[in-house]
Structure formats: C-alpha cells, structure tokens
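As structure tokens, the structure follows; a few thoughts come after it.
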Amino acid sequence: MPLDWRRNLAALWLAELTAILGFSFAFPFLPLFLHQELHIPAGPQLSFWTGITGGATGLALAFTAPLWGRLADRYGRKPMLVRAMVGGGISVGLMGLAQSALQLTVLRGIQGASSGTVAAATALVATETPAPHLAWALGILSSAISLGSAVGPAAGGLAANVVGLRAIFLGGGVLLLLATIPVLFVVRESPRRVVRAAVPRTMDVLRTAAPGTIGALAVLIAAQGLQQTSYAAAQALVVLRLLQLTGATDAKPLTGITFAVAGIATALASVTYSRLLRRTSYRAVITIGAVLMGLALFGSGL
Numbered sequence: 052m053p054l055d056w057r058r059n060l061a062a063l064w065l066a067e068l069t070a071i072l073g074f075s076f077a078f079p080f081l082p083l084f085l086h087q088e089l090h091i092p093a094g095p096q097l098s099f100w101t102g103i104t105g106g107a108t109g110l111a112l113a114f115t116a117p118l119w120g121r122l123a124d125r126y127g128r129k130p131m132l133v134r135a136m137v138g139g140g141i142s143v144g145l146m147g148l149a150q151s152a153l154q155l156t157v158l159r160g161i162q163g164a165s166s167g168t169v170a171a172a173t174a175l176v177a178t179e180t181p182a183p184h185l186a187w188a189l190g191i192l193s194s195a196i197s198l199g200s201a202v203g204p205a206a207g208g209l210a211a212n213v214v215g216l217r218a219i220f221l222g223g224g225v226l227l228l229l230a231t232i233p234v235l236f237v238v239r240e241s242p243r244r245v246v247r248a249a250v251p252r253t254m255d256v257l258r259t260a261a262p263g264t265i266g267a268l269a270v271l272i273a274a275q276g277l278q279q280t281s282y283a284a285a286q287a288l289v290v291l292r293l294l295q296l297t298g299a300t301d302a303k304p305l306t307g308i309t310f311a312v313a314g315i316a317t318a319l320a321s322v323t324y325s326r327l328l329r330r331t332s333y334r335a336v337i338t339i340g341a342v343l344m345g346l347a348l349f350g351s352g353l
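For this note's numbering, add 51 to where a residue sits in the sequence shown, where the first one is 1.
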C-alpha cells in the first residue's frame with residue numbers, strides 16, 4: 052500500500068497540536084510556580100531561578116539533539132517522535148511534584164534532553180512529503196504548533212485558577228502522552244527513509260559540500276540561536292513583568308491570555324508565510340519574520 056503523505060500530515064498535525072498543548076498548558080506559568088508553590092520570593096531570586104529553569108531545557112537539548120538526529124537517521128523519525136513525546140510527558144508530569152527550585156531545574160533539564168517533538172515531527176514531514184508540497188506541508192505543521200501555543204496558555208490559565216498550578220503540569224504530561232496515539236496508529240514511515248547503514252561523519256559531508264555551504268550553515272545556526280535566545284528571554288520577562296503589574300493573585304489568567312494572543316498571531320503568520328514562499332524566496336520570508344520579531348520585542352520594552 053503506497054504511503055499517503057496527506058494522511059501522515061493530518062495525523063502529525065493532530066499529534067503536534069496535542070503535544071504543544073501539553074507543553075504550553077504549563078510552561079508559561081513556571082515563574083508563578085516558582086513563586087507560589089516553591090516559595091521563591093519575588094525580586095532577584097525569582098528572576099534568577101526563572102532564568103535557570105528556563106535555560107536548563109535549552110542547554111540539555113543542545114547537547115542531546117545531535118544524538119537524537121543520528122539515531123533518527125539510523126532507526127527512523129517515527130520512533131524518535133514517540134520517544135520525544137513520552138520523554139516530555141513523563142518529565143512535565145513530574146514537574147508538578149517538584150518540591151524545590153533545584154528539583155524543578157533538574158526536571159527541566161531532563162525534559163530538554165528527552166523531548167524535542169517539533170524537530171522530530173518536522174523531520175518526518177520533510178522526509179515523507181513530495182518536494183512540490185513541502186513548503187505548504189511545513190506551514191500546516193507550523194500552524195498546529197502555533198495553535199497549540201495559543202490555546203494551551205489560555206486553557207492552562209483557566210485551569211490553574213480551578214485546580215492549582217501543580218495540577219496543570221500533571222495535565223500537560225498527560226496531553227503529551229496522548230499525543231503518541233495518532234503517531235503510533237496512523238503515521239507510517241517509508242522504509243526507504245530508514246537508513247540502517249553507517250551514517251557519514253558531519254565533517255566528511257561538509258568537506259564535499261558545495262562552496263559557501265559552511266558559511267551559510269554558520270549564519271543560519273547563529274541566527275536561529277539568537278532568535279531562540281530572544282524569544283525565550285522575552286517569555287520569561289513577560290511573566291515577571293505581569294507579576295509585578297498585577298500581583299500573584301491575578302497573574303495566572305492574564306499570563307494565559309498574553310501567551311494565547313502571541314500564539315494566535317504566530318499561527319496566522321505560519322500559514323501566511325507558507326503562501327509567501329510560493330511567490331518569493333526562503334531568504335525573503337526569514338528576513339521579514341526576523342524584522343517583525345525584532346520590532347515587536349523592541350516595542351514590548353517601551
């Protein structure tokens with residue numbers, strides 16, 4: 052039976068929507084969790100631990116992502132996506148049981164080292180979608196990620212007022228585990244995509260690459276790193292600022308609404324950018340997105 056890439060895309064869209072719902076259901080409220088549940092006083096201590104817990108995930112992911120990539124080349128993208136969702140679900144759920152800022156930081160590190168659902172799902176879509184439809188398919192997948200980022204914080208903010216901050220981490224973990232269902236039972240990976248032969252070394256590939264490839268990769272890696280740094284820092288600072296302006300009692304629903312608005316805008320942008328790619332280049336779309344993000348962050352500080 053030939054592989055139906057549209058069916059794959061629909062299942063991955065649902066799976067990523069559920070997974071990102073799980074992450075965003077809880078993560079925007081980390082500063083509030085530190086303050087209210089772990090009793091970190093507002094001020095320098097809260098800012099410090101917010102930064103530490105936020106950075107632990109990215110640091111762990113930076114070290115483990117190349118390993119997961121090599122394993123995906125050897126054993127397939129689908130097993131890596133299931134692994135990422137299960138690892139994320141267990142670690143996020145355990146965060147609701149953390150009794151100290153250090154425990155929360157360790158669990159955030161474990162989550163970063165064991166998850167990475169977006170990269171795994173993107174790789175699966177990229178390898179199983181015909182080239183003429185690839186830009187559109189990636190835009191559709193991005194819309195699921197953005198929609199989950201929009202709905203998750205709003206739902207988490209409402210739930211936190213009813214069941215408390217600890218329960219929303221447990222709920223987020225359950226959502227991530229549920230996300231494995233469409234992947235396990237619907238998604239199919241073409242056998243020809245599963246590479247079981249020895250994977251070539253990165254340096255060997257770079258030596259045979261076309262002129263300018265290394266420079267282009269360096270620029271892309273640096274730009275992506277700066278973008279992720281700016282985005283992650285802004286997320287943490289927004290919550291701390293809301294905490295200052297509203298107080299701990301009212302911060303939960305407003306935090307959810309703030310992140311929901313950002314997620315809705317990102318969802319709309321992802322579909323718009325995928326259409327723009329049919330008329331212009333990747334370089335132009337990336338430049339437009341970077342400029343708009345920079346202006347938005349600058350305006351947020353005013």
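Just so you know, even glycine gets a beta-carbon here, dropped at the ideal spot from N, CA and C.
Contacting residues, own chain, Cβ-Cβ under 7 Å from residue i (five flanking each side not counted)
| i | result |
| --- | --- |
| Gly-167 | Leu-112, Ala-116, Trp-119 and Ala-135 |
| Phe-220 | Ala-77, Val-143, Gly-144, Met-146 and Gly-147 |
| Arg-239 | Leu-54 and Asn-59 |
| Leu-328 | Ala-186 and Val-336 |
| Gly-215 | none |
| Ala-283 | Gly-105 and Gly-109 |
| Ser-194 | Ala-318, Ser-321 and Val-322 |
Buried versus exposed call for residue i [16 or more other C-beta atoms within 10 Å across all chains shown]
| i | result |
| --- | --- |
| Phe-99 | exposed |
| Val-234 | buried |
| Gln-87 | buried |
| Arg-159 | buried |
| Leu-148 | exposed |
| Pro-262 | exposed |
| Tyr-333 | exposed |
| Gln-279 | exposed |
| Leu-268 | exposed |
| Ala-274 | exposed |
| Pro-79 | buried |
| Ile-272 | exposed |
| Leu-296 | exposed |
| Thr-259 | exposed |
| Val-246 | Confidence at Val-246 is low in this model, with a pLDDT of 48, below 50, so its placement is unreliable and the value that follows should be read with caution. Flag for Val-246 reads exposed. |
Presumed contact (8 Å Cβ cut-off) between residue i and residue j, rounded CB distance
| i | j | result |
| --- | --- | --- |
| Leu-63 | Val-202 | Their Cβ separation, rounded to whole angstroms, is 18 Å, which puts Leu-63 and Val-202 out of contact at 8 Å. |
| Arg-128 | Thr-178 | 6 Å |
| Leu-346 | Ala-285 | 13 Å between Cβ atoms; not a contact. |
| Ala-206 | Phe-76 | 6 Å |
| Gly-190 | Gly-73 | Their Cβ separation, rounded to whole angstroms, is 22 Å, which puts Gly-190 and Gly-73 out of contact at 8 Å. |
| Leu-132 | Ala-188 | Not quite, the Cβ-Cβ distance comes to about 15 Å (not below 8 Å), so this is no contact. |
| Leu-408 | Pro-82 | One cannot answer for residue 408 here, as it falls past the ends of the chain, which runs 52 to 353. |
| Ile-103 | Thr-156 | 5 Å |
| Ser-197 | Ala-318 | 3 Å |
| Gly-163 | Ala-211 | About 23 Å; that fails the 8 Å criterion. |
Under the three-state DSSP convention, the category residue i falls into
| i | result |
| --- | --- |
| Ser-98 | helix |
| Ser-371 | Past the boundaries of the shown model lies residue 371; the chain is included only from 52 to 353, so the question cannot be answered. |
| Gly-144 | helix |
| His-50 | Shown here, the chain extends from 52 to 353; a query on residue 50 therefore has no answer. |
| Leu-25 | Residue coverage of the chain in this structure runs from 52 to 353, which leaves residue 25 outside it and unanswerable. |
| Gly-215 | coil |
| Leu-328 | coil |
| Pro-12 | Given a span of 52 to 353 for the chain in the structure shown, any question on residue 12 remains unanswerable. |
| Ser-281 | helix |
| Gln-275 | helix |
| Gly-350 | helix |
Proximal residues to residue i (C-beta, below 6 Å), its chain only, five neighbours per side dropped
| i | result |
| --- | --- |
| Ala-341 | none |
| Gln-154 | none |
| Gly-307 | Pro-204, Ala-205, Gly-207 and Gly-208 |
| Leu-65 | Pro-233 |
Nonlocal neighbours in the same chain, by C-beta distance under 8 Å from residue i, ignoring five residues either side
| i | result |
| --- | --- |
| Leu-60 | Val-176, Thr-180, Ala-188, Ile-191 and Leu-192 |
| Ala-313 | Ser-200 and Ala-201 |
| Ser-151 | Leu-89 |
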